[in-house]
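Below: the structure, in structure tokens.
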Amino acid sequence: MHPFHVFAMSAHGGRGGGHAGGRHGGGHGAGGDGPDWRRGRKFSADDLQLMILALLEEGPSHGYELIKALGARSRGFYTPSPGMVYPTLTWLEEAGHATVSQDGARKHYHLAEPGRAHLQANRERVTLLMAQLAHVGRKMEWMRRAWAGQPIETGSEGEDLATGWLPEYVQARMALKQALARHADATPARQRQLAAILARAAAELDDLSS
1 MHPFHVFAMS AHGGRGGGHA GGRHGGGHGA GGDGPDWRRG RKFSADDLQL MILALLEEGP
61 SHGYELIKAL GARSRGFYTP SPGMVYPTLT WLEEAGHATV SQDGARKHYH LAEPGRAHLQ
121 ANRERVTLLM AQLAHVGRKM EWMRRAWAGQ PIETGSEGED LATGWLPEYV QARMALKQAL
181 ARHADATPAR QRQLAAILAR AAAELDDLSS
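If you count the sequence shown from 1, position 114 lands on 114 in full-length UniProt numbering, and the numbers rise without skipping.
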């Protein structure tokens with residue numbers, strides 16, 4: 001079986017796994033794409049504020065355009081409702097982070113200087129949020145194709161053209177998850193060892209992007 005399909009089954013707990021229901025919106029932010037993401041807890045209110053400011057930094061926008069932009073970047077996985085986005089825009093306006101101009105019957109939102117300063121103060125978090133949005137979108141699209149049994153189109157280096165992921169990259173991620181699962185009942189002493197190993201690996205990964 002191709003690692004693409006193996007990984008999709010593993011991430012969902014096998015063919016018998018299912019999706020638990022949940023509310024959209026709040027949650028633990030950009031900490032990962034594990035169970036909380038699959039159950040619907042995706043981004044916190046603070047996360048949504050920062051992502052909207054990041055989109056406004058690219059240019060003024062209507063509320064509906066912001067909703068579509070978030071949906072497009074996550075390939076439909078995260079499309080916040082108007083009931084989430086418009087109150088957030090109102091809050092950003094009242095906080096001085098955004099300004100509003102009238103465009104016919106619609107409001108056009110612009111990034112204000114205090115909003116730009118807020119973005120700069122949280123730039124690392126914003127970068128992580130937007131990367132997480134794109135990553136989870138690719139992963140969900142990947143899984144949808146796996147469950148549908150669609151063939152994988154690969155590039156010249158063997159990467160999946162839809163995600164850019166190599167089979168060995170997928171296998172390494174899967175192996176890490178399985179290795180951690182085998183230590184689910186680890187003693188405190190073993191957990192400290194695991195934490196040290198993961199911290200070293202995370203540091204090496206960060207070095208690659210610096």
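Note that beta-carbon positions come from the ideal geometry of N, C-alpha and C, so glycine has one too. These numbers were taken from a predicted model, which means no experiment stands behind them.
When Cβ pairs closer than 8 Å are counted between the two stretches, the stretch 72-86 is seen not to touch the stretch 110-129, the count staying below three. Uninterrupted beta strand (DSSP E) stretches at least 3 residues long and entirely within the stretch 101-128 occur at 106-111, given in chain order.
Leaving aside the five residues that flank T154 on each side, the residues in its chain whose CB is nearer than 7 Å to its CB run, in chain order, D160 and L161. Leaving aside the five residues that flank L55 on each side, the residues in its chain whose CB is nearer than 7 Å to its CB run, in chain order, S61, L66 and A69. According to DSSP, residue pairing for A98 in a beta bridge involves L111. Here DSSP, grouped into helix, strand and coil, assigns T88 to helix. Shown here, D185 sits in coil according to DSSP, grouped into three states, outside any helix or strand.
The Cβ atoms of T127 and H110 lie no closer than 8 Å to each other. Pairing L129 with L53 gives a Cβ-Cβ distance that is not under 8 Å. For F77, the closest of E94, F43 and L92 by C-alpha to C-alpha distance is F43.
A distance below 7 Å between beta-carbons, with the five flanking residues on each side excluded, links G104 to no residue of its chain. Excluding sequence positions up to five before and after H183, its CB lies within less than 7 Å of the CB of R190 and L194, all in the same chain and listed in chain order. Contact check for S74 against G137 passes: the beta carbons are separated by less than 8 Å. Your pair T88 and Q132 does not check out as a contact, with CB atoms roughly 18 Å apart and the cut at 8 Å.
Straight-line measurement puts the Cα of D185 at about 28 Å from the Cα of E168.
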